[in-house]
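First residue of the sequence shown: 293, per this note's numbering; consecutive thereafter.
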Amino acid sequence: MPVRAVNVIARAVFFLSGVVALAIAALYTMLHGSDLPRQSEWTIFAVVLSLVGGVNVLLAILPASWTARACRIEDKSSLFSLPFRMFGAFAVVSYLLTVGLFFTPREWNLTGFLWTFLACPVYVVRVNIDPSPVELFLVLAPIDATVYGTIGTVFGLCFRRR
């Protein structure tokens, strides 16, 4: 696939995933004031998701020359290759983790607050509803994969070799 097509697809994916991360952060912020337990993890998750989502949206809308200059990258043609691959890797691992955690036995008692929301950011939705396996496979796990993909994008952008 030509480099230009990959860059366009990467920008679209980064924008959509950034918006999803920002929406999940807003959801955490809105539910923080309801009857759910007031713990500092809610604030931490909301801030981290907002930062990561904002970086992804900026990466998608800023000109490539600005991003390359900020990251000190000379070759603009390969600017999005590593972040896009990291997005895919983080998304696949997150999807499999979410599906795997859904099928764990109840005796394992993996309902600890920090562990649950760290592994599955969209678990905040499960506080109010109990999804069926179809909803998990088609809605919740892909959203988790998108959120973790945004984190992978930031890692790919920050830790690339110069």
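All C-beta atoms, glycine included, are put in the ideal place defined by N, C-alpha and C.
Indicate the three-state DSSP secondary structure (helix, strand or coil) for residue i in the structure shown.
i	result
E366	coil
F372	coil
D422	coil
V414	coil
L354	coil
T335	helix
Tell me the residue span of the alpha helix (DSSP H) that contains residue i.
i	result
R452	Counting along the chain, R452 falls outside any alpha helix (DSSP H), and DSSP gives it neither H nor E.
For the candidate residues the options, whose alpha-carbon lies nearest to that of residue i?
i	options	result
A297	V340, L371, V339	L371
A315	V414, C363, V391, V305	V414
S342	A362, F306, A317	A317
R303	L430, P375, I435, S386	P375
I347	A437, I443, S373	This sequence places Val at residue 347; Ile is not what is there. Out of A437, I443, S373, I443 has the C-alpha closest to the C-alpha of V347.
Go ahead and label residue i buried or exposed: buried means 16 or more other beta carbons lie within 10 angstroms of its beta carbon, across all protein chains shown.
i	result
A338	buried
V295	exposed
F395	exposed
A352	buried
S460	The chain is shown from 293 up to 454; residue 460 falls before or after that span and cannot be answered.
M378	buried
Touching by the beta-carbon criterion (3+ pairs, under 8 Å), the segment 440-449 and the segment 376-395: yes
Touching by the beta-carbon criterion (3+ pairs, under 8 Å), the segment 304-321 and the segment 355-370: no
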